[in-house]
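Protein sequence lines correspond, in order, to chains R and Z. Heads up: the first sequence begins at 5 in the working numbering, then just goes up one per residue. Heads up: the second sequence begins at 97 in the working numbering, then just goes up one per residue. What follows is a set of notes on a single structure, which appears directly below.
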Amino acid sequence: MPRCELLDMANAWPRTDTPALQDVLDALDDPVCRDLVKHLEGTATASDLSERAGVPLSTTYRKLDRLEEASLLTTRTEIRRDGHHTSHYRVDFERVAVALDEHREFEVSVERPPRGADERLASLWSEVRKET
Amino acid sequence: MTHVTTVLVALKTITLGLGGLITFFAYRAYRRTNAQALGALALGFAIVTFGALLAGAAHQAFGMNTDVVLVIESALTTAGFGVIVYSLYVE
């Protein structure tokens with residue numbers, strides 16, 4: 005994994021963010037979104053994923069946006085010197101729970117996979133840097 | 097004050113300033129995000145920085161034995177880094 009990837013973790017934080025119920029339901033209701041998640045093992049770029057899942061690239065981008073909106077995906081952008089940036093996607097949930105809260109309203113919670121200490125350090129530091 | 101003491105006081109002052117700055121930014125990030133990991137990170141840096149201050153003060157103001165001062169500072173550095181490592185694993 006290129007070292008520069010670790011430096012740009014801003015999108016992967018904060019993980020305390022709870023997505024909107026409708027966004028999660030929209031993403032999970034979408035068969036193409038589910039298919040993309042199925043093919044997204046580890047990290048992949050949109051074009052890799054498009055090829056693997058047999059989904060046109062423009063559709064892949066649209067569906068990835070939808071999944072990201074629902075916070076079910078994280079993106080990391082690899083910044084290259086030549087200005088050609090590549091986004092890598094990764095599934096960022098293990099379980100999605102929909103429950104009734106005390107006001108009998110629907111609430112959604114997303115369980116995240118544990119991340120490695122190196123990634124946590126990078127994201128902690130990117131939060132601290134935002135304060136400077 | 098000997099030359100060594102002067103240099104030490106200057107270095108400790110810089111350590112205090114830089115450590116305080118990191119602690120301050122980490123604490124503000126903690127207040128903004130409410131993430132426990134950032135709170136632990138700020139606390140860890142605070143302990144390490146405070147250790148440097150305390151050791152310097154103990155030596156200069158109270159004339160404590162250099163060995164004792166070294167043990168205090170090392171203990172706080174160890175504790176501070178322990179908390180920083182903990183911040184990487186806390187949810």
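Backbone N, C-alpha and C define an ideal beta-carbon position, used for all residues, glycine too. None of the values given here were measured: they were computed from a predicted structure.
Taking the alpha carbon of Arg119 (chain R) as the reference point, which residue from R:Thr78, R:Leu25, R:Leu104, R:Asp39 has its own alpha carbon closest?
Counting from one through the first sequence, the residue named residue 119 (chain R) turns up at place 115. The option with the nearest alpha carbon to Arg119 (chain R) is R:Thr78.
By alpha-carbon positions, which one of R:His92, R:Pro117, R:Asp52 ends up nearest to Tyr185 (chain Z)?
By 1-based counting over the second sequence, the position of residue 185 (chain Z) is 89. The shortest Cα separation from Tyr185 (chain Z) among R:His92, R:Pro117, R:Asp52 belongs to R:Pro117.
Roughly how many angstroms lie between the CA atoms of Pro23 (chain R) and Arg70 (chain R), to the nearest whole one?
The residue given as residue 23 (chain R) occupies position 19 in the first sequence. The residue given as residue 70 (chain R) occupies position 66 in the first sequence. One C-alpha to the other measures close to 12 Å.
Output the distance between the C-alpha atoms of Leu44 (chain R) and Ser91 (chain R), rounded to the nearest integer angstrom.
Numbered from 1 along the first sequence, position 40 holds the residue referred to as residue 44 (chain R). Numbered from 1 along the first sequence, position 87 holds the residue referred to as residue 91 (chain R). If I take the Cα positions, the gap works out to 14 Å.
How is Phe97 (chain R) classed by DSSP in three states: helix, strand or coil?
For the purposes of this step, residue 97 (chain R) is taken as the residue at position 93 of the first sequence. Note: Phe97 (chain R) maps to coil in three-state DSSP.
Just the Cα atoms here: how many angstroms apart are Ile118 (chain Z) and Glu82 (chain R)?
Numbered from its first residue, the second sequence carries residue 118 (chain Z) at position 22. Numbered from its first residue, the first sequence carries residue 82 (chain R) at position 78. Straight-line Cα distance between these residues: approximately 26 Å.
Going by C-alpha to C-alpha distance, which of Z:Ser183, Z:Gly176, Z:Leu150, Z:Leu107 sits closest to Ala142 (chain Z)?
Numbered from its first residue, the second sequence carries residue 142 (chain Z) at position 46. Checked all of Z:Ser183, Z:Gly176, Z:Leu150, Z:Leu107; the closest Cα to Ala142 (chain Z) is Z:Gly176.
With DSSP as the reference, identify every bridge partner of Ala48 (chain R), one or two as the case may be.
Working through the first sequence from its first residue, we reach residue 48 (chain R) at position 44. R:Tyr93.
Can you tell me whether Asp163 (chain Z) is buried or exposed? The criterion is at least 16 other CB atoms within 10 Å of its CB, across all chains shown.
Taking the first residue of the second sequence as position 1, residue 163 (chain Z) is located at position 67. Exposed is the call here.
Give me the chain Z residues within the contact set of Thr136 (chain R), using Cβ-Cβ distance strictly less than 7 Å, ordered along the chain.
If you number the first sequence from 1, residue 136 (chain R) lands on position 132. Neighbours of Thr136 (chain R) on chain Z, chain order: Phe121.
So Ala101 (chain R) contacts chain Z; which residues on that side make the cut at Cβ distance below 8 Å?
The residue you call residue 101 (chain R) lines up with position 97 of the first sequence. What Ala101 (chain R) touches in chain Z: nothing, since even the nearest Cβ is about 16 Å away.
Do you know offhand how far Arg94 (chain R)'s Cα is from Arg128 (chain Z)'s?
As a position in the first sequence, residue 94 (chain R) is number 90, starting the count at 1. As a position in the second sequence, residue 128 (chain Z) is number 32, starting the count at 1. Arg94 (chain R) and Arg128 (chain Z): Cα-Cα distance of roughly 26 Å.
What residues in the segment 128-157 of chain Z bring their beta carbon closer than 8 Å to a beta carbon of chain R?
Residues Arg128, Thr129, Asn130, Ala131, Ala133, Leu134, Leu137.
On the DSSP bridge list, what partners appear for Leu104 (chain R)?
The residue labelled residue 104 (chain R) in the question sits at position 100 within the first sequence. According to DSSP, Leu104 (chain R) bridges with R:Phe110.
Looking at the unbroken beta strand (DSSP E) that takes in Leu77 (chain R), where does it start and where does it end?
For the purposes of this step, residue 77 (chain R) is identified with residue 73 of the first sequence, where counting begins at 1. Element bounds for Leu77 (chain R): 77-82.
So, does the CB of Ala121 (chain R) fall closer than 8 Å to a CB anywhere in chain Z?
Position 117 of the first sequence, counting from 1, holds the residue named residue 121 (chain R). True, the Cβ-Cβ gap to chain Z drops below 8 Å.
Does DSSP put Glu1 (chain R) in a helix, a strand or coil?
The structure shown does not extend to residue 1 (chain R), since chain R spans only 5 to 136, so no value can be given for it.
Apart from the five residues on each side of it in sequence, which residues of its chain come closer than 7 Å, Cβ to Cβ, to Asp27 (chain R)?
Here the question's residue 27 (chain R) lines up with position 23 in the first sequence. These residues qualify, in order along the chain: Glu73, Ala74.
Between the alpha carbons of Gly159 (chain Z) and Thr145 (chain Z), how many angstroms are there, rounded?
Taking the first residue of the second sequence as 1, we reach residue 159 (chain Z) at position 63. Taking the first residue of the second sequence as 1, we reach residue 145 (chain Z) at position 49. Approximately 20 Å between the Cα atoms of the pair.
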